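Sequential numbering from 44 applies to the sequence shown in the numbering used here.
Note that CB positions come from ideal geometry on N, CA and C, so glycine has one too.
Nothing here was measured: the structure is a model prediction, and the numbers come from that model.
A quick write-up on the structure given underneath.
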Amino acid sequence: MINEQFLIDQIILYLGQHKRFGGKHNEIMAYKRLEQLRVLVGLKDADEATDYLIMKMEGAIAA
């Protein structure tokens, strides 16, 4: 089973690759991982999942 931290790491990876190299594949994969994170955590939509991801990323930076 995919865990939360794996999905967060994957989203960051795909977004970083998309920023650096572009490409639809990276964009699509980031969105797919975001959707998997949304379902795993039990959030209602992509906006909530994005907010959750940002909160987790900020927590990781502060730690």
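Buried/exposed call for residue i, threshold 16 Cβ in 10 Å
| i | result |
| --- | --- |
| I104 | exposed |
| A89 | exposed |
| I71 | exposed |
| I54 | buried |
| R63 | exposed |
Range covered by the alpha helix (DSSP H) that runs through residue i
| i | result |
| --- | --- |
| I71 | 67-84 |
| D52 | 47-64 |
Through-space distance from residue j to residue i, alpha-carbon basis
| i | j | result |
| --- | --- | --- |
| H61 | M98 | 21 Å |
| G59 | N46 | 20 Å |
| G66 | A73 | 11 Å |
Whole-Å CB distance - residue i paired with residue j, under 8 Å assumed
| i | j | result |
| --- | --- | --- |
| L96 | L80 | 7 Å |
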